[in-house]
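Q: full-length UniProt numbering puts the sequence shown at residues 1 to 158. Sharing a structure with you now.
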Amino acid sequence: MVSAPGRPIHTENTSRPRILLAEDDPEMREMLSFVLWREGYAVESMPDGASLLQRLDEAGTSEAIDWDLVISDIRMPGITGIEVLEYLKAQGNLPPLMLITAFGDEQTHELARRLGAVALLDKPFDLQDLMSQVQRVILPHPTKTDYTLDEPTKYNGG
């Protein structure tokens with residue numbers, strides 16, 4: 001868990017909503033982590049889908065960690081964001097997942113909707129649009145199974 005890039009915080013003592021982030025581009029991962037932290041979220045970031053799944057499995061065995069949202073890039077080496085979404089769907093009552101991608105064609109959006117993604121943002125996206133989607137999912141803490149994906153929106157801002 002990071003409170004700012006590289007600085008650990010203790011999840012048991014924080015009241016910040018918790019976000020688990022997977023992005024293989026180091027600069028994008030660092031920027032998203034910082035923006036989310038600055039907006040009041042506790043963020044733990046992973047470099048790929050395999051690390052994300054491992055972290056979700058570890059968290060599943062501990063009652064101390066309850067993620068409010070998972071944000072994952074779709075195209076990552078090894079395990080993709082779509083495969084992470086399929087895993088979450090198969091597991092049942094796990095956190096909602098938002099996907100981000102630079103390759104968001106109509107088929108990808110449709111697949112994400114069918115699998116239960118809460119949002120899919122096409123890169124490049126405006127950070128305010130990201131924050132609006134994050135807030136829509138996390139606040140005011142509805143039941144985690146009550147989320148639905150809105151119509152796909154293309155973001156061309158930066």
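Positions of the beta carbon are idealized from the N, C-alpha and C atoms, including for glycine. None of these values were measured; they are calculated from a predicted model.
Helix, strand or coil: how does DSSP classify D122 here?
A: strand
Q: If you reduce the DSSP assignment to three classes, tell me which class L94 lands in.
A: Of the three classes helix, strand and coil, the one that applies to L94 here is coil, per DSSP.
Q: Where DSSP assigns a beta bridge to T101, which residues make up the other side?
A: D122
Q: Measure the C-alpha to C-alpha separation of R55 and R18 and round it to an integer number of angstroms.
A: Their Cα atoms are separated by approximately 13 angstroms.
Q: Just checking my contact of D24 with M76 at CB under 8 angstroms: how many whole Å lie between their CB atoms?
A: So it is a contact: roughly 4 angstroms between Cβ atoms.
Q: Relative to the C-alpha of L36, which residue among A59, L20, L85, A119 is closest?
A: L20
Q: So what does R18 bridge to, in DSSP terms?
A: A42
Q: Suppose the cutoff is 6 angstroms on Cβ atoms and the five residues either side in sequence are ignored; what does the same chain contact list for G116 look like?
A: K89
Q: Assuming E39 and M131 make a contact with CB atoms under 8 angstroms, what is their CB distance in whole Å?
A: 6 angstroms
Q: Put L36 into one of helix, strand or coil per three-state DSSP.
A: helix
Q: For F125, count the other beta carbons within 10 Å of its own beta carbon; 16 or more makes it buried, fewer makes it exposed. Which is it?
A: buried
Q: Cβ of Y87 within 8 angstroms of Cβ of L120?
A: Result no, Cβ atoms of Y87 and L120 do not sit closer than 8 angstroms.
Q: Nearest to L94 by CA position, among M31, D68, G104, is which residue?
A: Closest option to L94, judged by alpha-carbon separation, among M31, D68, G104: D68.
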